[in-house]
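For reference, the structure discussed in these notes is given below.
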Amino acid sequence: MTPANSLFREILDSPDRDRCPGSRDLISFREDEPAEFLGELKRAATSMVELVRRGQWHGRWAEVSGKPHSSRKREHRSRWRHGRPLVYPGSFSEPELRRSAKDSLTRYEQIQNSGGLSGWIEPRLGPTDKSPAIGSGSGSGSGSKSGVRYEVSATRQEFPPSSFDGGPPSDSNGDDRDLARIFISARGSDGHVAASPADDTADTAAVAGANPVDPIADLWIKLGRLSNHPDDRSRRLRFGFGREIQDDGRRDERRLRHLTQIALASLPEFRLFHGHQDLRERIRYLSDSDFLPTEPIVYWNSENGGARFHHDAFSDDADNPGRQIGVAFLQVSGRTAWLALSISDLADRVTEFMELLLEGAAPWLNEALLSDKGKRKQMQRFLINRAELLTELAEPGCGRLGPLVDCGPEFTSLLADAGHGLLLNAGDVLLLPNHGYTRTAMHSVFSASTDISCGLSVALRAV
Ligand SMILES: [Fe+2]
Numbered sequence: 370m371t372p373a374n375s376l377f378r379e380i381l382d383s384p385d386r387d388r389c390p391g392s393r394d395l396i397s398f399r400e401d402e403p404a405e406f407l408g409e410l411k412r413a414a415t416s417m418v419e420l421v422r423r424g425q426w427h428g429r430w431a432e433v434s435g436k437p438h439s440s441r442k443r444e445h446r447s448r449w450r451h452g453r454p455l456v457y458p459g460s461f462s463e464p465e466l467r468r469s470a471k472d473s474l475t476r477y478e479q480i481q482n483s484g485g486l487s488g489w490i491e492p493r494l495g496p497t498d499k500s501p502a503i504g505s506g507s508g509s510g511s512g513s514k515s516g517v518r519y520e521v522s523a524t525r526q527e528f529p530p531s532s533f534d535g536g537p538p539s540d541s542n543g544d545d546r547d548l549a550r551i552f553i554s555a556r557g558s559d560g561h562v563a564a565s566p567a568d569d570t571a572d573t574a575a576v577a578g579a580n581p582v583d584p585i586a587d588l589w590i591k592l593g594r595l596s597n598h599p600d601d602r603s604r605r606l607r608f609g610f611g612r613e614i615q616d617d618g619r620r621d622e623r624r625l626r627h628l629t630q631i632a633l634a635s636l637p638e639f640r641l642f643h644g645h646q647d648l649r650e651r652i653r654y655l656s657d658s659d660f661l662p663t664e665p666i667v668y669w670n671s672e673n674g675g676a677r678f679h680h681d682a683f684s685d686d687a688d689n690p691g692r693q694i695g696v697a698f699l700q701v702s703g704r705t706a707w708l709a710l711s712i713s714d715l716a717d718r719v720t721e722f723m724e725l726l727l728e729g730a731a732p733w734l735n736e737a738l739l740s741d742k743g744k745r746k747q748m749q750r751f752l753i754n755r756a757e758l759l760t761e762l763a764e765p766g767c768g769r770l771g772p773l774v775d776c777g778p779e780f781t782s783l784l785a786d787a788g789h790g791l792l793l794n795a796g797d798v799l800l801l802p803n804h805g806y807t808r809t810a811m812h813s814v815f816s817a818s819t820d821i822s823c824g825l826s827v828a829l830r831a832v
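Just so you know, we're using the working numbering here: the sequence shown kicks off at 370 and counts up by one.
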């Protein structure tokens with residue numbers, strides 16, 4: 370065995386390396402590493418990728434195994450409970466995905482034109498008895514039973530984005546990445562719409578009313594950028610209801626079911642996911658609960674695109690009914706690179722990295738992250754107080770640890786070599802379980818395609 374090969378094996382065989390079921394082995398590398406190591410690595414590589422997000426270089430990865438890790442079902446369940454990711458590779462075949470991928474790319478172009486969002490959705494809305502039936506779960510909200518019709522009730526679409534008016538002032542989260550939003554009403558058979566999206570009081574009254582046939586007018590679809598970086602053409606299309614932030618995670622099964630219906634009528638990739646009985650059975654087994662796939666977000670990732678480290682959990686959702694149990698991501702076309710691990714594992718890796726920095730490794734990072742006395746003291750406090758470290762990582766953008774976890778190739782490579790890097794190809798499904806802030810899957814995304822890639826994220830709500 371050559372020294373290069375032994376180093377290569379040393380990384381892959383490390384006992385504390387994560388081996389996410391369904392993922393393939395990958396390791397990070399630099400072009401200035403010893404020629405012998407690079408030669409060995411390149412011969413073994415089935416695929417290589419360079420990671421750049423919003424102008425920040427994050428290094429290179431080589432996938433060195435064509436065979437996904439496998440493990441027993443019991444281990445899958447344990448990972449789910451601990452908020453660790455799981456991959457189901459090749460859940461959909463290329464011919465199955467072809468129509469969805471084409472539709473998604475056409476949609477990407479169409480909805481960015483002025484008026485494009487309503488022009489795209491309007492022909493797809495209508496009486497719900499024309500749309501595919503909801504597959505499973507109990508509860509109210511079946512459109513076909515109540516004769517509900519979906520209609521675009523208000524459009525807020527302004528360009529350039531600085532003039533975006535996403536709704537009433539109380540509803541706006543002031544995000545300058547927002548591009549356009551439409552509101553959709555669910556009309557009862559008498560054509561009446563009870564609540565106006567602009568009328569917060571009326572809306573609250575409608576929500577509070579327990580009558581399951583009350584019409585609803587605060588469903589929405591929003592188009593936004595993923596960043597304001599000039600070279601990032603990524604977009605996301607989010608399906609939601611009510612007020613952003615305040616109503617995120619609200620357990621309103623009726624509205625969630627309406628969103629599912631609208632997604633079934635408008636997104637072929639959501640129909641594919643929704644109809645995959647085997648996948649749904651697996652998620653039921655993992656979570657021990659029935660669930661509703663809803664609140665889709667379509668992602669189009671371009672070069673320089675992706676998402677910084679975050680989680681998708683809500684503060685109060687551990688072990689409560691109606692909560693979000695996780696998020697599933699389906700790669701529809703192209704490829705994305707991910708870092709995905711439980712918040713607890715991330716805390717371990719941050720601790721490891723911080724100790725290295727404090728010992729003097731990567732002086733330029735030490736300077737950027739720890740030169741300020743106050744910051745250094747705070748980082749040292751995180752090292753001795755794990756609860757504080759976990760709380761900080763659960764903050765939006767990982768709070769004061771954001772600059773560290775998204776700093777660049779040093780930490781990204783450390784995570785990849787610890788087994789937390791994933792490459793998703795078309796047809797792969799990634800599950801990101803969440804059980805409140807302390808047991809959730811943290812994730813960070815990079816584009817791994819030269820063209821726009823398409824993906825679909827689906828919230829899994831216990832019902
Ligand atoms: Fe996410």
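For every residue, glycine included, the Cβ atom is placed at its ideal position computed from N, Cα and C.
Rounded separation between D621 and S702 - CA only: Straight-line spacing of the CA atoms in D621 and S702 works out to 32 Å.
Sequence-distant residues of its chain with Cβ nearer than 6 Å to G506 (five each side left out): Only weak support is given to the placement of G506: the predicted model assigns it a pLDDT of 32, under 50, and the value that follows is read from those uncertain coordinates. So the qualifying residues of the chain are D659, L661 and V832.
Neighbourhood of F780 by C-beta, 7 Å cutoff - its chain only, sequence neighbours within 5 removed: Correct list, in chain order: F722, L773 and V774.
Check: V696 C-beta below 7 Å from any heavy atom of ligand 1: At least one heavy atom of ligand 1 lies less than 7 Å from the C-beta of V696.
Range of the contiguous beta strand (DSSP E) that encloses A785: Secondary structure note for A785: it is in no beta strand (DSSP E), with a DSSP letter that is neither H nor E.
Which of helix, strand or coil DSSP assigns to I712: Here I712 sits in helix by DSSP.
Pairwise C-alpha distance: N754 and T663: Their Cα atoms are separated by approximately 37 Å.
Local conformation of Q749 per DSSP, three classes: Three-state result, Q749: helix.
Rounded C-alpha distance that separates D717 from A634: When rounded, the separation of the alpha-carbon atoms in D717 and A634 is 43 Å.
Residue from S416, R443 and Y457 whose Cα sits closest to the Cα of H451: R443 is the residue among S416, R443 and Y457 whose C-alpha sits nearest the C-alpha of H451.
Through-space distance from E761 to L829, alpha-carbon basis: Rounded to whole angstroms, L829 and E761 show a C-alpha spacing of 25 Å.
4-residue-minimum alpha helix (DSSP H) runs that sit fully inside the stretch 612-685, ordered along the chain: Within the stretch 612-685, the complete alpha helix (DSSP H) runs of at least 4 residues are 622-635, 637-643 and 646-656.
Cβ neighbour criterion (16 or more within 10 Å) applied to R808: Burial call: buried.
Own chain partners of H349 with C-beta closer than 8 Å, once the 5 adjacent residues on each side are dropped: Summary: the structure shown does not reach residue 349, with the chain confined to residues 370 through 832, and so no result is reported for it.
Spatial distance of G609 from R692 (CA atoms): Taking the straight line from one Cα to the other gives about 15 Å.
Test item: CB-CB of V418 and L784 under 8 Å: No, they are not a contact pair.
Beta-carbon proximity of A349 to A706, cut-off 8 Å: The first residue shown for the chain is 370 and the last is 832, placing residue 349 beyond what the model contains.
Assigned secondary structure, E520 (DSSP; H/G/I helix, E/B strand, else coil): Looking at E520 - three-state DSSP - the assignment turns out to be strand.
Where N794 sits in the DSSP three-state scheme: Per DSSP, reduced to three states, the secondary structure at N794 is strand.
Start and end residues, beta strand (DSSP E) containing Q481: The continuous stretches of beta strand (DSSP E) do not include Q481, and DSSP gives it neither H nor E.
Check whether L801 and P454 have beta carbons under 8 Å apart: Yes, the Cβ-Cβ distance between L801 and P454 is below 8 Å.
Straight-line Cα distance separating L727 from G777: The straight-line gap from Cα to Cα measures roughly 18 Å.
Span of the beta strand (DSSP E), counted from its first residue to its last, around A404: Boundaries for A404: no beta strand (DSSP E) harbours it, while the alpha helix (DSSP H) harbouring it runs A404 to A413, taken from the DSSP string.
Neighbourhood of Q749 by C-beta, 8 Å cutoff - its chain only, sequence neighbours within 5 removed: The answer, listed in chain order, is L727.
Closest by C-alpha distance to S469, when choosing among L758, E724, W669 and D714: Among L758, E724, W669 and D714, the Cα nearest to that of S469 belongs to W669.
Terminal residues of the alpha helix (DSSP H) in which R695 lies: It should be noted that the sequence gives Gly, not Arg, for residue 695. Here G695 belongs to no alpha helix (DSSP H); instead the beta strand (DSSP E) covers Q693 to S702.
Among E432, I590, V719 and I614, nearest to D681 - alpha-carbon criterion: Of the listed residues, the one whose Cα sits closest to D681 is I614.
Of the listed residues F639, A697, I631 and I666, nearest to S656 (C-alpha basis): The shortest Cα separation from S656 among F639, A697, I631 and I666 belongs to A697.
S397, buried or exposed, once every other Cβ within 10 Å from all chains shown has been counted against 16: When all chains shown are included, S397 counts as buried.
Straight-line gap, R851 to F683 (C-alpha atoms, nearest Å): Nothing can be reported for residue 851, as the shown portion of the chain is limited to 370 through 832.
Nearest residue (CA-CA) to S782, options P390, S416 and G428: Closest by alpha carbon: G428.
Residue burial classification, Q630 (beta-carbon count within 10 angstroms, cutoff 16): Per the 10 Å Cβ criterion, buried.
For L752 and G743, the rounded distance between their alpha carbons: Note on geometry: alpha-carbon atoms of G743 and L752 lie some 14 Å from one another.
Whether L376 touches A431 by CB criterion (8 Å): Their beta carbons are not under 8 Å apart, which means L376 does not touch A431 by this criterion.
Classification of R624 by the beta-carbon crowding that lies within 10 angstroms, buried from 16 upward: A buried status is given to R624, since no fewer than 16 other beta-carbon atoms sit within 10 Å of its beta-carbon.
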